[in-house]
Amino acid sequence: MAGILVKARFPRRRLVQIVIANLFRYLFRGAARNWARNISSTAPALGSMALLLVLLGLVGLTGIALYNLDQVESGQASILHVYISDGADPAGVAALRERLSSDPRIASIGYTSKAEALQRAQSIPGLPELAGASDSNPFPASFDVQVKKIDDVAAIDAMVRNDIAVDAMYPTSYDRGAYQRIQTVIFGLGVAGFAFLSLLGFVAVTVTINSIRAAIIARRDEVLIMQLVGAPRWMVRGPFVVEGAIAGALAGGLAGLVTFGLAAAGIEAAAGSFNQFAPGITITVAAIVSLVVFGVGLGLGSGSSLISIRRHLES
Amino acid sequence: MRPIVEFTRVTREYGSRIALDDVCLRLEPGELTFLVGPSGAGKTTLLKLINREIRPTSGEVWVDGIPAHRLKTHRVSDLRRRVGVVFQDFKLLPRLTTIENVALALQVGDLRISDGEAMDRALDALEAVGLGDRGKAFPHQLSGGQQQRVAVARAVVAQPPLLIADEPTGNLDLDTAWEMMDLFRDIAAWGTSVLIATHNVEIVTRLQRRVVTLVQGRLVRDQPAGAIGRMAWLASS
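So the sequences go chain by chain: A and B. The first sequence runs 4 to 318 under the working numbering. The second sequence runs 313 to 549 under the working numbering.
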């Protein structure tokens, strides 16, 4: 017997659509409408949060640059440049190289000629003028000695500085305590940066908590009515969290754009020498930091709202 | 039959002041009951205990089988969806229209209700209270009596088994108050228990329904329907 297949609409799908539509309306549309309605009272909080997040982004970029600088410095501190006298006998130079090569404390030895030293100096800010001030090349040739342990650099320096092939006036690049001084400065900057960021975070959280508290107080009657007609807790609290997230996302987005813009402008303006001042800061790194700033804004807004709700919204 | 509300030796204290003292009370389904007593007698406290706005200091409060006295905060909404509430000051959301105010009570309780269904049921409730043509009006465009009718429509739209009203006629003139009482009688006739806290002697005396009297937190009299003598009621106020 032939039959007719009637394909009915799956009611569960319709049910899911209705639930999603209601969720969207009560959580997101309501929150967006309330946020827009209270824009005059939330604008100062938004501005403060954006400003704090910009500072966060800039401090973050500075931190990355300092970290990279520390890495570069620690790498460079274990390299000892042994400057060769201009009039040194080639046999003496070869003997010096032989002595260094046979030393078990040394990982590798490179050689930089006078011409290469001049070329390297011309890429360092401030030195091209010095290089051009003289008709002759003032930069010596050198052995670039990679010492295995940074603690052995002083001993290697002592071993070679009186060698006949070594420049008597500036024998090596060794500067007792220079690396420690740099590390001390970087550590100090790190601690200061962390303290500054903590302070910024505290201020940002406080500003957002107060902004959400103001919203809760302004809508106290509405909240009470919602609770009395049987609205579940998430329906009463959710819109405030979404409002906080909206404020955080806007502040984070704005701050992210400003951070990226400032970093890009810095990279563009300083061109070749930027990497000397802020090693590792590229357009990609700036974009990642900006995204992190956006994420922090979003988290800060939502988290602060949650704290505010727990403190100020009666259940 | 299981009572819709049952108080067992309920005491509620606010610091050193006793608002309710060892109260026992049962309300049956479909019953219209007046809660009377002088100001400060504990009427509002009793209603707040039913709606779990507060907890008792001691004793048990059962509402439609739910133990309100030990209900966790996150379950309070389950109880409140079984209790319609009408206040003296209406408590309507000013930014929502009349029909939206009524539909809200439906949808906050059940997200599976679509907009269309919520609006249809809200309109039915508004028609039942005589305001079917004012659905698009905002609360501030309505009179006090009309706003109170909207509040009643909101309280009953989800067909709760219990309706409580705290001085629902307090802000209304006598004619409007009688209209409200007619509504409450109809609601009780549909099977919903109605508990009304009031000071209105005229209404309580003429309606001849059950009257529970509170004085200084104690339940001093529980008069069944039809046994309300005017002087007896006045003596306790």
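Idealized CB from N, CA, C, for every residue including glycine. The structure presented is a predicted model; accordingly, all values stated were derived computationally and were not measured.
- Burial check for A:Asn-165: the Cβ neighbour count within 10 Å stays below 16, so the residue is exposed.
- Going by C-alpha positions, B:Ala-417 is about 17 Å away from A:Gly-241.
- Contact with chain A is found for B:Gln-419, since one of that chain's Cβ atoms lies less than 8 Å from the residue's Cβ.
- The region 178-190 of chain A makes contact with the region 67-74 of chain A; the number of CB pairs closer than 8 Å reaches 3 or more.
- Of all residues in the region 401-428 of chain B, only Lys-403, Leu-405, Leu-416, Ala-417, Gln-419, Val-420, Gly-421, Leu-423, Arg-424 and Ser-426 come within less than 7 Å of chain A when Cβ atoms are compared, listed by chain position.
- In the same chain as B:Ile-411, and ignoring 5 residues on each side of it, the C-beta atoms closer than 8 Å to its own belong to Met-431, Ala-434, Leu-435, Leu-438, Gly-447 and Lys-448, in chain order.
- The Cβ-Cβ distance between A:Ala-258 and A:Val-62 does not fall below 8 Å.
- Cβ atoms of B:Asp-401 and B:Arg-530 stay farther apart than 8 Å, at about 28 Å.
- B:Ala-477 is bridged by DSSP to B:Val-398 and B:Ile-508.
- Proximity of B:His-511 to chain A, defined by a Cβ-Cβ separation below 8 Å, is not satisfied.
- The three-state secondary structure of A:Ala-289, taken from DSSP, is helix.
- Distance check between B:Ser-389 and each of B:Val-420, B:Thr-369 and B:Leu-404 places B:Val-420 closest, using alpha-carbon atoms only.
- Taking a beta-carbon distance threshold of 8 Å, A:Arg-32 does not count as an interface residue toward chain B.
- Short of 7 Å from the beta carbon of A:Ala-290, and not among the five residues preceding or following it, lie these beta carbons of its own chain, in chain order: Phe-263.
- Counting of Cβ neighbours within 10 angstroms places A:Phe-197 among the exposed residues, the total staying below 16.
- Of the other Cβ atoms in all chains shown, fewer than 16 fall within 10 Å of the Cβ of A:Leu-18; this residue is therefore exposed.
- For the region 363-392 of chain B, the beta-carbon criterion of a distance under 9 Å to any beta-carbon of chain A is satisfied by Asn-363, Glu-365, Thr-385, His-386, Val-388, Ser-389, Asp-390, Leu-391 and Arg-392.
- For B:Asp-485, the secondary structure class from DSSP, reduced to helix, strand or coil, is coil.
- Considered as a whole, the region 65-116 of chain A harbours 93-104 as its complete alpha helix (DSSP H) runs of no fewer than 4 residues, in chain order.
- In this chain, A:Gly-256 is not harboured by any beta strand (DSSP E); it is covered by the alpha helix (DSSP H) spanning 236-273.
- Not flagged as an interface residue toward chain A: B:Arg-461, since no C-beta distance is shorter than 8 Å.
- The CB of B:Arg-466 comes closer than 8 Å to the CB of Val-232 in chain A, given here in chain order.
- Restricted to the region 330-379 of chain B, the beta strand (DSSP E) segments that are unbroken, complete and at least 3 residues in length are 344-348 and 370-375, listed in chain order.
- If you look at B:Thr-409, you'll find it isn't in any beta strand (DSSP E); DSSP assigns it neither H nor E.
- Below 8 Å, enough C-beta pairs join the region 200-220 of chain A and the region 45-56 of chain A to call them touching: three or more.
- The criterion of a C-beta distance shorter than 8 Å is satisfied by A:Thr-211 and A:Gly-304.
- Sequence-distant Cβ neighbours of A:Ser-311 in its own chain, meaning closer than 6 Å and more than five residues away, are Ile-212, Ile-215 and Arg-216.
- The residues Phe-319, Thr-320, Arg-321, Val-322, Thr-323, Asp-334, Val-335 and His-381, in chain order, have a CB closer than 8 Å to that of B:Gly-371 in the same chain once the five nearest residues on each side in sequence are set aside.
- Cβ-Cβ distances below 7 Å link B:Arg-521 to Leu-344, Thr-345, Phe-346 and Ala-537 in the same chain, with the five nearest sequence neighbours on each side left out; the list follows chain order.
- With a cut-off of 8 Å on Cβ pairs, the region 468-483 of chain B is in contact with the region 494-510 of chain B, counting three or more such pairs.
- Any Cβ of chain B closer than 8 Å to the Cβ of A:Arg-236 would place that residue at the interface, and such an atom is present.
- In the structure shown, the three-state DSSP call for B:Tyr-326 is strand.
- By the CB criterion at 8 Å, A:Val-148 and A:Ile-112 fall inside the cutoff.
- Taking a beta-carbon distance threshold of 8 Å, B:Val-506 does not count as an interface residue toward chain A.
- Within chain A, the residues whose beta carbon sits less than 9 Å from that of B:Val-397 are Leu-231 and Val-232, listed in sequence order.
- With a cutoff of 8 Å on beta-carbon distance, A:Ala-266 and A:Ile-284 are scored as near each other.
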